[in-house]
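Inspection log for the structure reproduced underneath, given as structure tokens.
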Amino acid sequence: MTSLRPRSVYLDHAATTPMLPAAIEAMAAHLGRTGNASSLHGAGRAARRTVEESRETIAAALGAQPSEVVFTSGGTEADNLALKGLWWARLTEDPRRRRILLSGIEHHAVLDPAVWLGQHEGAEIEWLPVDELGRIRPDDVRRAIESAPETVSFVTVMMANNEVGTLQPIEEIAALAAEYGIPVHTDAVQAIGQVPVDFAALGVDALTVSAHKLGGPYGVGALVVHKETKLTPVQHGGGQERDVRSGTLDAPAIAGFAVAAEHSIADQPLESVRLTGLRDQLIKGVLETVDGAHLSGDPVGRLPGNAHLSFSGCEGDSLLLLLDARGIEVSTGSACNAGVAEPSHVLLAMGYDDQRARGSLRFTLGHTSSQADIDAVLENIGPVVERAQSAGLQNVGRNS
Amino acid sequence: MRVLAAMSGGVDSAVAAARMAEAGHDVVGVHLALSRNPQSYRTGARGCCTIEDSRDARRAADVIGIPFYIWDLAERFHADVVEDFVAEYAAGRTPNPCLRCNEKVKFSAVLERALALDFDAVVTGHYARIVDTPAGRELHRAVDPAKDQSYVLGVLTQEQLAHAFFPLGDTAKTEIREEAARRGLAVADKPDSHDICFIADGNTAGFLSEHLGEAPGDIVDAQGNKLGDHSGTHGFTVGQRKGLRIGTPAADGKPRFVLDISPVDRTVTVGSRAELAVTGLTASKPRWCGPVPTSELHVRAQLRAHGEEVAVIARLEGDQVLVEFTEPASAVAPGQAVVLYDGTRVIGSATIDAVDRVAAAHA
């Protein structure tokens, strides 16, 4: 059955990327050791040392101070901590601060906490405009802030979009928000390891990192928080992590995270050139092979590893099934509702209609991607699209 | 062969998929999301519309070792099955939604998409047998009479049967559960589905009232004398005895049954068991599992799901099937299918439009 399937061509690195061998080694070495990083005895001190050295490594790789790194269980928790923590801290200081400025292309880990704050805590969600390439313009952020600066709680804009790969002008947004003393959060989960990310240079107040997207283990990440930025704790308990995020620290995972961050960020300048080359080959090849195919997102200002392609007259679901059967693993990039594909909220926010949004595939490259992967896609994409088109669009041609 | 296994999340479709994979076919599992509101979460219940069911189907696919996807057929299902179900009741008829789903969704929309996507066939956990003969494929009753589902498959044409597999038709249900346990499928002990899958709480009358509203009218006898009131004709099925709530007992003191439902004048006619007896019926929209019959058929017929067979003489006249009963039959409801059998072989089916009564006394 499964053994008959061809070798897999993994092009879904934005979902998760294989762990780096050095990170596996570091993590495995720590899994056999005992010690709670909060304990005062020798075993505890050893764990504490691992955690603190890892914190220093990660901070250095990201251009932050060690004390600015708050470990979490991953990107989703870091986003929740950033949004809810900023919301309550800012509101406590000034009850007028009820506006959250964000874009409709944010990841659900940002969108959903924001909407939750709107529904339960009286936040006013203000959607920043997004153009057809998935870009947010600093001028629009300025206009939104200047309509009533004293009522803004915070701004959150992702550094790079997880579906279409468009990069955002975070540095400019952070600079103009700083004129009014308004904090900016950015979800940099997709950007780290693909483009340069320097926390201090960006000037943001909070930045989300996830280990498993850069070659580290699942279940660990961090919120990098500027040392002067106040956050109300969301997870209460033993008071770890500046009293902002309680919970026993996962020393082995943090050790793996640090090694992965160090390597992937050090390799980033060369790796991004290599990935851009492969990705452009993939995009060019697909556009030449398939009539009516087109690239979504910014053709220039995009993640080196992202190729988001739309195909007319077929379902992304059909394309995925057919590629999967040929051992090629990609994503439709859309959210799942009980496993039922919904048109992507990102594409809809970019002005796509329902039908165009449905026929999309996201190919994302990473450190294990090779020329052979691109060749495999280009060899199969023509027949696959043709077949998917013959299956048509699900809601078209019903006989009722 | 490359086959698509429709996996409901129940034990039957899981074992069907497993058997096909074991036989060496390239099997892909697909759960059909049929509800517009997949959030409805019914713990311990069985249907085809819940998150729990899709999760059970996915777990089974993982254990079998086959790819698994979810296909959203909610719109199609709503238009072809749910709306048809409501419209049929509104017209005073008693539909069978499972049959409609097989005809319009599973072996139409799903099969078409599967064929387009390079599959050769669709496999389901229905209890029925397919027999290949030199003359073509035949559909037969399952060996387990208690589980036989050939009645709801009687709408399949030769073309549809050519792309269908029912690997459970030769096995008793109890053995299927044992086999599921042996294969490590967690759904081995999951209860069977009984209800109509899109009516979550099993309250069909409530579902219909919600969709059709209240339309009160009279309950009368065959002579037109008023015996009581009702809140909507859609609450009744021909042959129904319970829930009539008639104050005055019948003159002979015997129970009364629904004989006829007329939504136009909002009348429900009731009468004795004797008046319920039918001598024949007229049906339309025939679907033949094999060649179209050219002569009069002296065969047997099933008139409702899990109903008894009766001997009939059937003939095709234009687009109508005229059926004459050669042994007593009763409580035949328009809207249900008449499925014709030659021994265990399904000849075809048609939708019942009207019945001929022994005493055609009612209006």
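First to last, the sequence lines map onto chains H and D.
Position one of the first sequence corresponds to residue -9 (this note's numbering), numbered consecutively onward.
Position one of the second sequence corresponds to residue 62 (this note's numbering), numbered consecutively onward.
Cβ coordinates follow ideal geometry from the N, Cα and C atoms, glycine included.
Report task. Please confirm if Leu178 of chain D has its CB atom under 8 Å from at least one CB of chain H. Result -> yes
Query raised in the report: Shortest alpha-carbon distance to Thr235 of chain D belongs to which of D:Thr405, D:Phe259, D:Pro206 and D:Glu199?
Result: D:Pro206
**Report entry** Coarse secondary structure for Gly392 of chain H, derived from DSSP in three states
**Finding:** There is simply no residue 392 of chain H to check, as chain H begins at -9 and stops at 390 in what is shown.
Requested in this report: Identify every residue that forms a DSSP beta bridge with Thr328 of chain D.
Outcome: D:Asp279 and D:Ser323
Query raised in the report: Checking contacts by CB at 8 Å: is Ser308 of chain H closer than that to chain D?
Result: yes
Query raised in the report: Who are the neighbours of Ala366 of chain H on chain D, taking C-beta pairs under 7 Å?
Result: By Cβ distance, chain D contributes nothing, its closest Cβ being about 18 Å from Ala366 of chain H, past 7 Å.
**Report entry** Contact list for the region 161 to 174 of chain D against chain H, Cβ threshold 9 Å
**Finding:** Listed by position along the chain: Lys165, Ser169, Ala170, Glu173 and Arg174.
Query raised in the report: Run through DSSP, which three-state label would Glu370 of chain D get?
Result: strand
Requested in this report: Given a cut-off of 8 Å, decide if Leu311 of chain H and Tyr130 of chain D are closer than it, judged by their beta-carbon atoms.
Outcome: yes
Report task. Identify whether Gln225 of chain H lies in helix, strand or coil by the three-state DSSP scheme. Result -> strand
Query raised in the report: Is the region 254 to 266 of chain D touching the region 224 to 238 of chain D in the sense that three or more CB pairs, one from each, lie closer than 8 Å?
Result: Result no; under three Cβ-Cβ pairs closer than 8 Å.
Query raised in the report: Rounded to a whole number of angstroms, what is the C-alpha to C-alpha distance between Leu293 of chain H and Thr266 of chain H?
Result: 8 Å
Requested in this report: State yes or no: is the C-beta of Arg348 of chain D within less than 8 Å of the C-beta of Gly409 of chain D?
Outcome: yes
Query raised in the report: Residue range of the alpha helix (DSSP H) that Val171 of chain D falls in?
Result: Careful: Val171 of chain D lies outside any alpha helix (DSSP H) and carries neither H nor E.
Query - Check whether Ala67 of chain D and Ala94 of chain D have beta carbons under 8 Å apart - result: no
Query raised in the report: Run through DSSP, which three-state label would His284 of chain H get?
Result: strand
**Report entry** Buried/exposed call for Ala84 of chain D, threshold 16 Cβ in 10 Å
**Finding:** exposed
Requested in this report: Write down the C-beta distance between Lys217 of chain H and Ser57 of chain H rounded to the nearest angstrom, noting that I regard them as a contact closer than 8 Å.
Outcome: Rounded to the nearest angstrom, the Cβ distance from Lys217 of chain H to Ser57 of chain H is 6 Å, consistent with a contact under 8 Å.
Query raised in the report: Which residues does DSSP pair with Ser300 of chain H in a beta bridge?
Result: According to DSSP, Ser300 of chain H bridges with H:His284 and H:Ser350.
Query - Of the residues H:His357, H:Tyr0, H:Asn370 and H:Pro139, the one placed nearest Ala256 of chain H, counting alpha carbons only - result: H:His357
Query raised in the report: Going by other Cβ atoms of all chains shown within 10 Å of its Cβ, with 16 needed for buried, is Lys287 of chain D buried or exposed?
Result: exposed
Requested in this report: Can you give me the start and stop residues for the alpha helix (DSSP H) that Tyr212 of chain D sits inside?
Outcome: Ser211 to Leu214
Query raised in the report: Along the chain, which unbroken stretches of the alpha helix (DSSP H) at least 4 residues long are found entirely within the region 328 to 355 of chain D?
Result: 334 to 337
Query raised in the report: Taking contact to mean at least 3 C-beta pairs separated by less than 8 Å, is the region 383 to 395 of chain D in contact with the region 365 to 373 of chain D?
Result: yes
Query - Inter-stretch contact (C-beta, 8 Å, three-pair minimum) for the region 181 to 195 of chain H and the region 129 to 143 of chain H - result: Flag = no, the region 181 to 195 of chain H and the region 129 to 143 of chain H do not touch.
Requested in this report: Residues of the region 147 to 161 of chain D with a CB closer than 8 Å to any CB of chain H: list them in chain order, please.
Outcome: none
Query - Bounding residues of the alpha helix (DSSP H) (the contiguous stretch that carries Leu192 of chain H) - result: Phe189 to Leu192 is the extent of the alpha helix (DSSP H) around Leu192 of chain H.
Query - Pick from D:Val281, D:Val64 and D:Ile191 that is closest to Cys350 of chain D, judged by C-alpha positions - result: D:Ile191
Report task. Measure the C-alpha to C-alpha separation of Val154 of chain H and Leu1 of chain H and round it to an integer number of angstroms. Result -> 14 Å
Query raised in the report: Below 8 Å between beta carbons: does that hold for Ile318 of chain H and Ala245 of chain H?
Result: no
**Report entry** Sequence-distant residues of its chain with Cβ nearer than 6 Å to Thr6 of chain H (five each side left out)
**Finding:** Taken in chain order, the residues that qualify are His202.
Query raised in the report: According to the neighbour-count rule (16 or more other Cβ atoms, all chains shown, within 10 Å of its Cβ), is Ala72 of chain H buried or exposed?
Result: buried
Query raised in the report: What distance in whole Å lies between the Cβ atoms of Arg352 of chain H and Ser321 of chain H, which are believed to be in contact at a cut-off of 8 Å?
Result: 5 Å
Query raised in the report: Hey, Gly186 of chain D and Asp114 of chain D: beta-carbon distance below 8 Å or not?
Result: no
Requested in this report: Assuming Val199 of chain H and Ala99 of chain H form a contact by the criterion Cβ under 8 Å, report the distance between their Cβ atoms to the nearest whole angstrom.
Outcome: About 12 Å; that fails the 8 Å criterion.
Query raised in the report: Taking three-plus beta-carbon pairs below 8 Å as touching, is the region 395 to 406 of chain D in contact with the region 323 to 332 of chain D?
Result: no
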